[in-house]
Amino acid sequence: VATQRFEWRGDFHNRELNALHAESFTHPILEIDWRGQVSAHSLGWVTAREAGELIGFVNVPWDGGIHAFILDTIVRAGRAKQGIGTRLVAVAAAEAHAAGCQWLHVDFDDELRPFYLDACGFKLTTAGLMAL
Ligand SMILES: CC(C)(COP(=O)(O)OP(=O)(O)OC[C@H]1O[C@@H](n2cnc3c(N)ncnc32)[C@H](O)[C@@H]1OP(=O)(O)O)[C@@H](O)C(=O)NCCC(=O)NCCS
1 VATQRFEWRG
11 DFHNRELNAL
21 HAESFTHPIL
31 EIDWRGQVSA
41 HSLGWVTARE
51 AGELIGFVNV
61 PWDGGIHAFI
71 LDTIVRAGRA
81 KQGIGTRLVA
91 VAAAEAHAAG
101 CQWLHVDFDD
111 ELRPFYLDAC
121 GFKLTTAGLM
131 AL
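What follows is the structure, encoded as structure tokens:
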């Protein structure tokens, strides 16, 4: 069994993250400059690799103070339900805590309640979201 490696602010290429996004959210492969975005605006991010291949990713933007956010947790479809998503979020939470954050926020669709609430340990709260 190949070892899975989880890395805070791990190096990645835009093309591999764009491919993972396209697969996970079922849209065509885009050419987003993820490296530029996360290095300029995020506290960090977590990469998951197996035999060198990018199999998971989570982006952790923040407010520069005590609030960090989980965005776009993604795991390769073929590697689902192996605990990779939970580990990505656990590394994100530990590193945000280590950076002095006191709160980690996430919003999600109803069907992902078992993942974020039961597996990752988020508490349910009232939140708001506005499409712009
Ligand atoms: C959501 C996602 C990141 C979960 O990753 P994962 O590695 O499969 O998650 P884990 O193996 O850590 O799951 C732990 C538990 O969470 C729950 N869970 C995981 N994926 C779930 C899903 N898609 N729907 C509902 N519950 C889910 C299950 O209870 C699971 O436990 P089980 O394996 O005993 O059933 C992954 O399914 C994914 O990439 N989805 C597509 C992209 C997406 O929608 N991301 C969320 C954006 S907010």
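Numbering-wise, the sequence shown is residues 1 to 132 according to the working numbering.
Cβ coordinates follow ideal geometry from the N, Cα and C atoms, glycine included.
Setting aside the 5 residues that flank it on each side, A80 has no residue in the same chain whose C-beta is closer than 6 Å to its C-beta. Only residues of its own chain outside the window of five on either side were considered, and among them N59, P61 have a CB closer than 7 Å to the CB of L71, listed in chain order. Looking from the CA of H13, the closest CA among S24, F108, F6, E31 belongs to E31. One alpha carbon belongs to L54, the other to L20, and they sit about 8 Å apart. Secondary structure at T73: strand, using DSSP grouped into helix, strand and coil.
Annotation note: the region 30 to 82 contains the following uninterrupted alpha helix (DSSP H) runs of length 4 or greater, listed N- to C-terminal: 34 to 41. In this structure L124 is exposed. Its beta-carbon is surrounded by fewer than 16 other beta-carbon atoms within 10 angstroms.
Of the candidates W103, F57, A22, the residue whose Cα lies closest to the Cα of I74 is F57. DSSP places L104 in no alpha helix (DSSP H) but in the uninterrupted beta strand (DSSP E) bounded by 103 to 105. L132 is classed as exposed because its beta carbon has fewer than 16 other beta carbons within 10 Å across all chains shown. Collapsing the DSSP output to three states places R15 in a helix.
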